[in-house]
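Working notes, structure below.
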Amino acid sequence: MSAAGPAGLDKVVASAAEAVADVRAGASIAVGGFGLVGIPWFLIEALLEQGADDLTVVSNNCGVDGAGLGLLLEKGRISRVIASYVGENKEFARQYLSGELTVELTPQGTLAERLRAGGAGLGAFYTPTGVGTLVSEGGLPWRYDAEGNVVLESPAKEVRTFHGQEMVLEESIVTDVALVRATVADRAGNCVFRASTRNFNPPAAMAGRLTIVEAERVVEVGEIDPDEVHLPGVFVQRVVALTPEQAAHKDIEKRTTRERTS
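When we follow my numbering, the leftmost residue of the sequence shown carries the number 1477, and every step to the right adds one.
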């Protein structure tokens, strides 16, 4: 028995670089966070250094220019994005409108549930969100060509009535890899997320066949009260312990200040 419990239960790896070393080109990757809040900063940077390209990224958004997933985007590493919000990234808009990037826009709650459902082993689910719009009827532009013509658009989806309300069928999402950031993780991969970082991190983690967590603090198994666990370790394969300096790295998209009044 080790400090982490039975042999093989310790999922901590030496570095972010080691954790993402086997992520292949063409992989699909679920990434936690919302804007720049709660994103796995150092796993993204390690993946940038590792060099994998032609990636499909599933995330609430695609970072901003010069930060987060925006770094992978700027280097041309991402070929397809499944996201809800992309409004603060000029390079994203340029690539999308010039035909360099395939974009599948999905309602935010639907995206979270598609990830969670994938992790729960569900193939699909019905939701009223999007009924009567291009989400259900098809025709959302997924890809343009260099001249601005739509060359790929979303298909129509099945709609059925449940309890007197029309609902659209949405497929769950399972990805090759998931990259998330936790406030606390133990060596077995049980995770706690603080405040708004508990946004897309748990469902993204659930969706990955290989889930990698960067944790601001790593503790021994048993130090986290079971009632406080937001993500069970069964969903996690690798844990990277951040340094105190790395753990303190928490940028936001916009900083708004005003003069103090006495």
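Note that beta-carbon positions come from the ideal geometry of N, C-alpha and C, so glycine has one too.
What you are looking at is a predicted structure, and each value in this text was computed from that prediction instead of being measured.
Measuring alpha carbon to alpha carbon, tell me which residue in I1688, P1702 and I1700 is nearest E1494. As a working note, residue 1494 is residue 18 in the sequence shown. Answer by Cα proximity: I1688.
Checklist entry - Any chance the region 1695 to 1707 sits against the region 1669 to 1683, with 3 or more Cβ pairs inside 8 Å? => result yes
Checklist entry - Can you tell me whether R1731 is buried or exposed, with buried defined as 16 or more other CB within 10 angstroms of its CB? => result Within the sequence shown, residue 1731 is the residue found at index 255, counting from 1. So R1731 counts as exposed.
_Status (buried if at least 16 other CB within 10 Å, exposed otherwise) for Q1641_ = The residue labelled residue 1641 in the question sits at position 165 within the sequence shown. Exposed, since its Cβ has fewer than 16 Cβ neighbours within 10 Å.
> How long is the line joining the alpha carbons of D1498 and R1592, rounded to whole angstroms?
Replying inline: As a position in the sequence shown, residue 1498 is number 22, starting the count at 1. As a position in the sequence shown, residue 1592 is number 116, starting the count at 1. If I take the Cα positions, the gap works out to 24 Å.
Practice task
Take G1502 and list the residues in its own chain whose beta-carbon comes closer than 7 Å to its own, dropping the five residues that flank it on each side.
Solution key: Position 26 of the sequence shown, counting from 1, holds the residue named residue 1502. Closer than 7 Å at Cβ, skipping near neighbours: D1530.
Could you have a look at P1617 and say whether DSSP puts it in helix, strand or coil? Translated into the one-based positions of the sequence shown, residue 1617 becomes position 141. In the structure shown, P1617 sits in a strand (DSSP, three-state: E or B).
Looking at the unbroken alpha helix (DSSP H) that takes in E1521, where does it start and where does it end?
-> Here residue 1521 refers to the residue found at position 45 when the sequence shown is read from its first residue. From DSSP, the alpha helix (DSSP H) with E1521 extends over W1517 to Q1526.
- Task: Note the first and the last residue of the continuous alpha helix (DSSP H) segment covering Y1602.
- Result: Locating residue 1602 in the sequence shown gives position 126, where the first residue counts as 1. Unbroken run through Y1602 is the beta strand (DSSP E), A1600 to T1603; no alpha helix (DSSP H).
Return helix, strand or coil for D1703, following the three-state DSSP convention.
-> In the sequence shown, counting from the first residue as 1, residue 1703 sits at position 227. It is helical.
Practice prompt. Return the CA-CA distance between I1728 and L1512, expressed in angstroms with no decimal places.
Written response: On the sequence shown, position 252 is the one that residue 1728 refers to. On the sequence shown, position 36 is the one that residue 1512 refers to. When rounded, the distance between both Cα atoms is 5 Å.
*CA-to-CA distance, E1589 to A1632, given in whole angstroms*: Taking the sequence shown and counting its residues from 1, the one referred to as residue 1632 is at position 156. Taking the sequence shown and counting its residues from 1, the one referred to as residue 1589 is at position 113. C-alpha separation (whole angstroms): 19 Å.
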